[in-house]
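Protein chains: 2
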Amino acid sequence: MTVPGLRERKKQRTRDALIRVALERFTDQGYEGTTVDEIVEEVEVSQRTFFRYFSSKEEVAFAVQQMVEERFVRTLGERPPDEGPFDAMRNAVLGSWDSIGDAITEVVPVELYLRTFRMIESTPALLAVHLRRSTEMEETISRIIADREGLDVDEDPRPRIAVAAFSGVMRVTGQLWGRGTDQSLDAIRALTEQYLDQLGPALAPRWRGPDGEGPGAAP
Amino acid sequence: MTVPGLRERKKQRTRDALIRVALERFTDQGYEGTTVDEIVEEVEVSQRTFFRYFSSKEEVAFAVQQMVEERFVRTLGERPPDEGPFDAMRNAVLGSWDSIGDAITEVVPVELYLRTFRMIESTPALLAVHLRRSTEMEETISRIIADREGLDVDEDPRPRIAVAAFSGVMRVTGQLWGRGTDQSLDAIRALTEQYLDQLGPALAPRWRGPDGEGPGAAP
DNA sequence: GAGGCTAATGACAGTCACTGACAATTGACA
DNA sequence: TGTCAATTGTCAGTGACTGTCATTAGCCTC
Numbered sequence: 011m012t013v014p015g016l017r018e019r020k021k022q023r024t025r026d027a028l029i030r031v032a033l034e035r036f037t038d039q040g041y042e043g044t045t046v047d048e049i050v051e052e053v054e055v056s057q058r059t060f061f062r063y064f065s066s067k068e069e070v071a072f073a074v075q076q077m078v079e080e081r082f083v084r085t086l087g088e089r090p091p092d093e094g095p096f097d098a099m100r101n102a103v104l105g106s107w108d109s110i111g112d113a114i115t116e117v118v119p120v121e122l123y124l125r126t127f128r129m130i131e132s133t134p135a136l137l138a139v140h141l142r143r144s145t146e147m148e149e150t151i152s153r154i155i156a157d158r159e160g161l162d163v164d165e166d167p168r169p170r171i172a173v174a175a176f177s178g179v180m181r182v183t184g185q186l187w188g189r190g191t192d193q194s195l196d197a198i199r200a201l202t203e204q205y206l207d208q209l210g211p212a213l214a215p216r217w218r219g220p221d222g223e224g225p226g227a228a229p
Numbered sequence: 011m012t013v014p015g016l017r018e019r020k021k022q023r024t025r026d027a028l029i030r031v032a033l034e035r036f037t038d039q040g041y042e043g044t045t046v047d048e049i050v051e052e053v054e055v056s057q058r059t060f061f062r063y064f065s066s067k068e069e070v071a072f073a074v075q076q077m078v079e080e081r082f083v084r085t086l087g088e089r090p091p092d093e094g095p096f097d098a099m100r101n102a103v104l105g106s107w108d109s110i111g112d113a114i115t116e117v118v119p120v121e122l123y124l125r126t127f128r129m130i131e132s133t134p135a136l137l138a139v140h141l142r143r144s145t146e147m148e149e150t151i152s153r154i155i156a157d158r159e160g161l162d163v164d165e166d167p168r169p170r171i172a173v174a175a176f177s178g179v180m181r182v183t184g185q186l187w188g189r190g191t192d193q194s195l196d197a198i199r200a201l202t203e204q205y206l207d208q209l210g211p212a213l214a215p216r217w218r219g220p221d222g223e224g225p226g227a228a229p
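Okay, here's the thing in structure tokens:
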């Protein structure tokens, strides 16, 4: 791997600086309370340059998230083929949480990333974009799952359905983590594991019945 | 029920006109290709008035959707208490499709509503808002389901999980309906029924196994 | 290492969504 | 009919974003 030229390195630095400054300001003055002008002034580039790196103010808020997602997709692609679809997704998510730290830190502190995540969940405009991005991810994942199972994603509805249900649970998990008090990486990992295990039981025809009364676990 | 005064009726007319003109233009020039100024010029009110009725250009695009959702919630609340959670949601959705037509037509033609729905799905900015609105709906539904089952939505994770999975499937259904060729009310109803029935099987530990090879049905 | 090429940046003017403030209008109701 | 309050219009301003064109600065060749 050759060292990129000065031009490339300079671009990377500018980009990283924009991300870092933006996320810092977003997380402590709020997203709407931060103007693009403020960000570019601190980084000392023109507003036009900002919009050459990011197509919108929203996009910069998801720059780190983007890296995390790429990692998940890669991990999923590497799960052993004999795992069922649901287990493969489950293990890829849990496995990703473990190796995320390193990848992020090159750009921003992990702690800033976690704060950003919470800010996204609590900012309506960003939450909306986050959800749309999630469905785009679902499409990607559906295709991977279909491939693993040797199915055509446009013929058999099960890949999309399974992924939709899985993602729904992941989303609820993220929400509850954001609202809760223990906002560590460990906490979100534990919550994810616990909630995914509840999916099967939650879809039983009836919850009150012969095999017990109470829920499996409470948060 | 007394007839509302002139002032009230005038407001309602203005509001309906804004919705109708907006949706017509959105669906045939595209959402981004339509400016608020165009809309208010045709309705002959000031831009400021538009923003007094709708807090954003996005909001007017969801005005009809809003009514539909209110109807679903009402229907769900009226399902017999002995139905399981999943059946109650399923039947409320299917029941809603049947009675939607009348409620909509008072404001816009059903056909315009269906075109609007497709426009939302294919306009990134609106799709994002649509998804956020959907999660807000999920929260509402979770509480209704929890109540039916006599559970506390913050103690037992199953209501939110079941609703998340259910909504995920509904969303995929809407997407595929929008992309498909038969864009009638009947088509979306049939698709909904078919896909919800696939949810159980899709979550089986493995799809290839003793009880058969192929999928249950293809779109 | 001078000079040409091209990618990257800056400066500037303009559009569009949206807001606050205040004045003008118009139903409602005594 | 006159007063009150709700509704609307006007206007000025902000902030995100875009197109255009001039300027700068790595890069590469001779």
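Residue numbers (our numbering), protein chains in the order written: chain A, 11 to 229; chain B, 11 to 229. Glycine included, every Cβ here is placed at the ideal spot set by N, Cα and C.
Shown here, B:G40 sits in coil according to DSSP, grouped into three states, outside any helix or strand. In the structure shown, the three-state DSSP call for A:W217 is coil. By the criterion of a C-beta distance shorter than 7 Å, A:V46 is surrounded in its chain by Q57, F60 and K67, once the five residues flanking it on both sides are discounted. Under the 8 Å criterion on CB atoms, A:P90 is classed as non-interfacial with respect to chain B. For A:R153, the enclosing alpha helix (DSSP H) covers residues P134 to R158.
In terms of CA proximity to B:S109, B:R81 leads the group B:V53, B:R81 and B:M99. For the segment 145 to 177 of chain A, the residues whose beta carbon sits under 7 Å from a beta carbon of chain B are, in order, T145, E159, E165, D166, P167, R168, R170, I171, A172, A174, A175 and S177. Its Cα nearest to that of A:R128, the residue A:T191 stands out among A:V103, A:G94, A:T191 and A:R142.
Runs of the alpha helix (DSSP H) lying entirely within the segment 15 to 81 of chain A and spanning at least 4 residues, in chain order: 16 to 39, 46 to 53, 57 to 63 and 67 to 71. Contact fails between the segment 177 to 186 of chain B and the segment 202 to 217 of chain A, because fewer than three Cβ pairs, one in each stretch, are under 8 Å apart.
Exclusion of the five residues before and after B:T202 leaves V103, L104, W107, M180 and T183 as the residues of its chain whose Cβ lies within less than 8 Å of its Cβ.
For B:R216, the chain A residues whose C-beta falls within less than 7 Å of its own C-beta are G94, listed in chain order. Closest by C-alpha distance to A:E51, out of A:E42, A:R35 and A:S65, is A:R35. DSSP places B:R189 inside the alpha helix (DSSP H), whose first and last residues are R168 to R189. Residues of the same chain with a CB within less than 6 Å of the CB of B:V139, apart from the 5 flanking positions on each side, are E68 in chain order. With 16 or more other Cβ atoms inside 10 Å of its own Cβ, A:T126 counts as buried.
Rounded to whole angstroms, the separation of the alpha carbons of A:P14 and A:V74 is 22 Å.
Residue-level contact by beta carbon holds for B:Q208 and chain A, with a gap shorter than 8 Å. B:L122 and B:T37 do touch by the CB rule: their CB atoms are close to 7 Å apart, below 8 Å. Contacts with chain B (Cβ-Cβ distance below 7 Å) from the segment 121 to 139 of chain A involve P134, L137, A138 and V139, listed in chain order.
In summary, the residues of the segment 183 to 209 of chain B whose CB is separated from some CB of chain A by less than 7 Å are Y205, Q208 and L209, in the order they occur in the chain. Legend: CB atoms of the segment 60 to 74 of chain B lying less than 7 Å from CB atoms of chain A are not found in any residue. Excluding sequence positions up to five before and after B:P167, its CB lies less than 8 Å from no other CB in the same chain. Of all alpha-carbon atoms in B:G40, B:R17 and B:R143, the one lying nearest the alpha-carbon of B:V78 is that of B:R143. Between B:E148 and B:A172, the C-beta gap is not smaller than 8 Å, which leaves the two residues out of contact.
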